[in-house]
Structure formats: structure tokens, C-alpha cells
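All remarks here apply to the structure that follows.
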Amino acid sequence: MSKVALVTGGSRGIGAATAYKLAEEGYSICINYRSDAVSAMRVVQKIQNKGKKAVAIKADISQEEDVICLFSLIDEQLGPISLLVNNAGMLLKQMSIETMDAERINQTFQTNVTGTFLCCREAVKRMSKKHHGEGGVIVNVSSVAARLGAPNEYIDYAASKGAVDTLTIGLAAEVAEHGIRVNGVRPGIIKTEMHASGGEPDRVNRVKEAVPMKRGGEPEEVAEAIIWLASEKSVYTTGSFIEVAGGR
Ligand code: NAP
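Residues in the sequence shown are numbered consecutively from 14, following this note's numbering.
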């Protein structure tokens, strides 16, 4: 099977950590990003410096035309995709439900849910043995928020990750006989820039006491679980989830 991976939102945080490890595993990698080309190119350069193949492609996964274009460009530049890491995700400023408007809720769902669906669709069309593909693996990056609900912070984000989990279960069953495995990883509180988007850059330090291990996680610790699910070592695992959350 070809070793071509797409990491959505690969320009920083968990996505970038995953891309570095996948390069070590011999994958050619597409780093997708939404707006920050400089960070995406930095990741690509670091991978290329180690003699591996990587390209950066800008695409907003919440936009159907962008996703179609993203996958066509990967076909052209890297060849048939064998691994999709649906990592791109977003959250908006912390608030309770009283002030949450439809625009905000839709924005969260359009990236975290619709975007993940669209990338799964394009990957399945290429990987499925039903369409003469070679099979493949999809790893969806969810969150323990799907289980905890993120009250008073972002229940829209938590609910969107709940939808990602249901997508993972359903799609895994739908495509198992066509040679595609679909699994999820649920990170806990991880040290990335995402918390700044929620309006609290130092959130990890505030919340870490609620984590049984009393610390936030590193992006690389989440990447390890993604790598295992991507590998042949997990060949009989589909429709499953790994929590990387320090016991939370
Ligand atoms: P991050 O540091 O904020 O990085 C997010 C990445 O996603 C960036 O590369 C960003 O690109 C990209 N992105 C956002 N919206 C996009 C869109 N519509 N289209 C394409 N790319 C988009 O995030 P992270 O903390 O590494 O999180 C990665 C994943 O883990 C997310 O799904 C998140 O929900 C999940 N997660 C994170 C935590 C945590 O504590 N950090 C916990 C649980 C789950 P640009 O910079 O170009 O916008």
C-alpha cells in the first residue's frame, strides 16, 4: 500500500506533532492548514530537511469546494492517499448557552463536523476497495469534551466532538469490508495554542489540578496514539477510541 498521509490542521499543535512522527514512519505527508502559511511551511521544511516528502496545501475544510480541491492536489502531488488524520478543529470564546447564537454554533459544527465528514468522504472514495482503491486508515481527533460536555466553556465544541465520535462508529462499520479502518483519539487538556482561541491561553495551568495526573498533555503524547492507530499494529481495531487525557 502507498504511504501517503493527509493531516488536516497540520501546521501546529497535535497535527504538527503527528506529521513529524508520520514522516519518521516513512509517509509522504500533506500538511493542510486554513490560514497560517508560515507555520505550515515551517513544518514542511522540517520534514524535508530530514529527507522526507511533504507539501503544504491551504484549504478550509468547512468549505466543500476547498476539500475537493485539497484531495485533487494530493492525488497530483503525492499520489493515492492511504491515511487521513482528521485533526483540524476549532473552538470559539468560552461562554454559557445564554449567549450562544446560531452563527457561532454553526461555525463550530461546520468545521468540526461537516469538515470532518467531507474529508472522510473524499478519502473513502479513494481508499475503498469497492472503488478499486487499496484500502486505508482514518483517524478522527475528537476530545474527552464529547464525554464531559465542557459546561460553561464551549458545549457547542463538546457536542461537535460527540458528533465526530458517532461518525467514527458509523463509518467504521460502513467501510470495514472495503478495507478501511476508522478510529478516534480523544485528547484531554493538551498544551497547544487552541486554548488561546477559547480566550484563555493559560487554561492548561488552571485546569490541570482536575486531571488525575496533575498535568496537561504534550501534543507528542497524542500523536503516539494516532501513530498506533495508523499502523499495522492495530490491524484488527476499528470503530474504537483511545483517550489520551491523563485519567480525566
Ligand atoms: P491548534 O493548535 O489550534 O491547531 C489547529 C489547527 O487546525 C491549525 O493547523 C489550524 O490551521 C487548523 N484549522 C482550524 N480550522 C481549520 C479549517 N476550517 N480548515 C483547515 N484547517 C483548520 O489545535 P490543537 O490543539 O492542536 O488541536 C488539534 C485537534 O485536537 C482539534 O481537533 C482539537 O479539537 C483536538 N483537541 C485538542 C485539545 C487540546 O487541549 N489542545 C483537546 C482535545 C481535542 P490555521 O492555523 O492555518 O488556522
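Beta carbons are placed, not taken as given, at the ideal position from N, Cα and C, and that holds for glycine. These numbers were taken from a predicted model, which means no experiment stands behind them.
Residues near residue i by beta carbon distance below 6 Å, same chain, minus five either side
{"i": "T181", "result": "N153, V195 and G197"}
{"i": "V150", "result": "L96, R194 and A243"}
{"i": "G22", "result": "G28, N100 and A101"}
{"i": "A69", "result": "I44, A53, M54 and V57"}
{"i": "S247", "result": "W241"}
{"i": "I60", "result": "A36 and A67"}
{"i": "S41", "result": "V17, K66 and L91"}
{"i": "E6", "result": "Because the chain spans 14 through 261 in this model, residue 6 falls outside it and cannot be assessed."}
Residue i, buried or exposed, once every other Cβ within 10 Å from all chains shown has been counted against 16
{"i": "H208", "result": "buried"}
{"i": "I110", "result": "exposed"}
{"i": "G229", "result": "buried"}
{"i": "M103", "result": "buried"}
{"i": "K174", "result": "buried"}
{"i": "P225", "result": "exposed"}
{"i": "K65", "result": "buried"}
{"i": "A185", "result": "buried"}
{"i": "R219", "result": "exposed"}
{"i": "I125", "result": "Inspection of the sequence shows that residue 125 is occupied by Asn rather than by Ile. With 16 or more other Cβ atoms within 10 Å, it is buried."}
{"i": "T112", "result": "exposed"}
{"i": "S155", "result": "buried"}
{"i": "Y249", "result": "exposed"}
{"i": "G259", "result": "buried"}
{"i": "A50", "result": "exposed"}
{"i": "S24", "result": "buried"}
{"i": "S85", "result": "exposed"}
{"i": "P214", "result": "exposed"}
{"i": "A159", "result": "buried"}
Cβ of residue i within 7 Å of any chain C Cβ
{"i": "R55", "result": "The question asks about chain C, but that chain is absent: this structure has only one protein chain."}
Same chain, Cβ closer than 8 Å to residue i, five either side skipped, listed in chain order
{"i": "R216", "result": "I202 and H208"}
{"i": "A236", "result": "I27, A30, T31, Y33 and K34"}
{"i": "I255", "result": "N196, G197, V198, R199, A238, W241 and L242"}
{"i": "V157", "result": "R199, P200, G201, E256, A258 and R261"}
Proximal residues to residue i (C-beta, below 7 Å), its chain only, five neighbours per side dropped
{"i": "G162", "result": "I168 and A171"}
{"i": "T129", "result": "N99, N153, V177 and L180"}
{"i": "A189", "result": "T251"}
{"i": "S75", "result": "Q123, T124, T127 and G128"}
{"i": "K63", "result": "A36"}
{"i": "K142", "result": "G148, H191 and G192"}
{"i": "D79", "result": "A72 and D73"}
**Study point:** Complete beta strand (DSSP E) runs within the stretch 113 to 157 (minimum length 3 residues, chain order)
**Key:** 149 to 154
Practice item. For the stretch 160 to 167 and the stretch 137 to 146, state whether three or more C-beta atom pairs, one from each stretch, are separated by less than 8 Å. Key: no
Exercise for review: Please list the segments of the alpha helix (DSSP H) lying wholly inside the stretch 217 to 250, counting only runs of 4 or more residues, in order along the chain.
Suggested key: 232 to 243
Practice item. List in chain order: all unbroken alpha helix (DSSP H) runs of 4+ residues lying wholly within the stretch 19 to 63. Key: 26 to 37 and 50 to 62
Exercise for review: Taking only runs that begin and end inside the stretch 64 to 116, name each unbroken alpha helix (DSSP H) of 4 or more residues, in chain order.
Suggested key: DSSP runs (the alpha helix (DSSP H)) wholly in the stretch 64 to 116: 77 to 90.
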